[in-house]
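J.: Numbering follows our numbering, with no gaps: position 99 of the sequence shown is 304.
All C-beta atoms in this analysis are idealised placements derived from N, C-alpha and C, irrespective of residue type, glycine included.
Sharing a structure with you now.
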Amino acid sequence: MRIAQSPRSLIIGCFAVSALALPQIGSAQTKPAMTDPAKAPIAAAGIDEVYQLVDAVVTKVDSKTRTVTLKDKDGTFTNFVAGPEIKNFPQIKVGDRLTVTHELAVAIELVKVNNQGVRSEVQTSTQTSAALGSKPASVISNTTIIIANVVSVDRQKMTVSVKGPKGKTDTYRVKSASLLKDIAINDEVKITLYDAMAASFTAPASNPKK
C-alpha cells in the first residue's frame with residue numbers, strides 16, 4: 206500500500222505548485238528509526254519505515270507574481286507559482302526551508318476474524334493544513350484495514366504472507382515469532398497499514414546570541 210497522493214499533489218495542496226520536479230523523492234532510501242514510536246498512529250506489531258526527504262531553501266519570493274524560487278541540495282533552482290487559494294503565501298520568506306517526508310507503518314495485528322471467507326479492504330484518508338497566518342504546511346495520511354487470508358507462515362524468518370481482496374499476495378515481517386504462534390494457513394486475519402506524507406515550510410534556525 207502506498208499513499209494515494211504523490212509528493213507532487215501533497216505540495217500542491219500545501220503550496221499550490223504549478224509544476225514540480227522532485228528527484229530526491231525517488232532516490233532517498235535511508236531508513237532511520239521513528240522519531241517517537243509512542244506517538245505512532247497505530248501500535249504496530251511489525252513496522253517498515255521508509256523516510257524520503259525533499260530539502261530545498263527559498264532563495265527568492267516575488268509577491269506580485271506569487272512565485273517562489275527554491276534551491277535544492279544539488280544547487281538546482283526551481284520556480285513555483287502559488288495559486289490564490291494559498292492564504293499563507295505571505296508567510297513564506299527567503300531562507301525558509303521546504304521539506305517533504307514520507308512514512309509507512311504496518312501494523313500486523315494478526316487477529317483472527319470470522320468473515321466467512323470474504324476478504325475486504327477499507328481505506329480512510331485525512332488531510333490537515335497549517336492554520337491561517339502560519340507558514341504553509343500539509344499532512345496527508347491514509348489508514349487501510351485489510352481482511353486477508355494467510356497463505357504461508359515462516360516462523361524462522363518471522364514473516365507471514367496473506368492474500369487480500371484483489372487477489373494479490375503480500376508478505377509482512379513481524380517483530381516477534383510469538384505473534385505467529387497461533388496463525389495457520391487459511392486463517393483470516395486483519396492487517397492495518399498507515400501511510401503518511403508531510404510537506405512544510407519552516408523558518409531558518411536563529412543564530413545563538415554570543
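For isoleucine 390, does the count of other Cβ atoms within 10 angstroms reach 16, so buried, or fall short, so exposed?
T.: By 1-based counting over the sequence shown, the position of residue 390 is 185. Exposed, by the Cβ-count rule.
J.: For the beta strand (DSSP E) containing glutamine 332, name the first residue and the last one.
T.: As a first step, residue 332 must be located in the sequence shown, where it is residue number 127. Taken as a continuous stretch (DSSP letters only), the beta strand (DSSP E) holding glutamine 332 covers 325–334.
J.: Return the CA-CA distance between aspartate 277 and valine 394, expressed in angstroms with no decimal places.
T.: The residue given as residue 277 occupies position 72 in the sequence shown. The residue given as residue 394 occupies position 189 in the sequence shown. Rounded to the nearest angstrom, the two C-alpha atoms are 44 Å apart.
J.: Would DSSP call alanine 310 helix, strand or coil?
T.: The residue you call residue 310 lines up with position 105 of the sequence shown. Alanine 310 falls in the strand class under three-state DSSP.
J.: Which of the three DSSP states is assigned to alanine 389 in this structure?
T.: To locate residue 389, count along the sequence shown from 1; it is residue 184. Coil at alanine 389, not helix or strand.
J.: Give me, in chain order, the residues of the same chain whose beta-carbon lies closer than 6 Å to that of lysine 340; leave out the 5 immediate sequence neighbours on both sides.
T.: Reading the sequence shown from its first residue, position 135 is the one you call residue 340. Answer for lysine 340: Gln296 and Phe406, listed in chain order.
J.: With distances taken Cα to Cα, identify the nearest neighbour of valine 259 among Leu384, Leu275 and Asp392.
T.: Within the sequence shown, residue 259 is the residue found at index 54, counting from 1. Minimum Cα distance to valine 259 is reached at Leu275.
J.: Could you pull out every residue in the same chain whose Cβ sits closer than 7 Å to the Cβ of lysine 292, ignoring the five residues on either side in sequence?
T.: The residue you call residue 292 lines up with position 87 of the sequence shown. Cβ neighbours of lysine 292 beyond the five flanking positions: Leu337.
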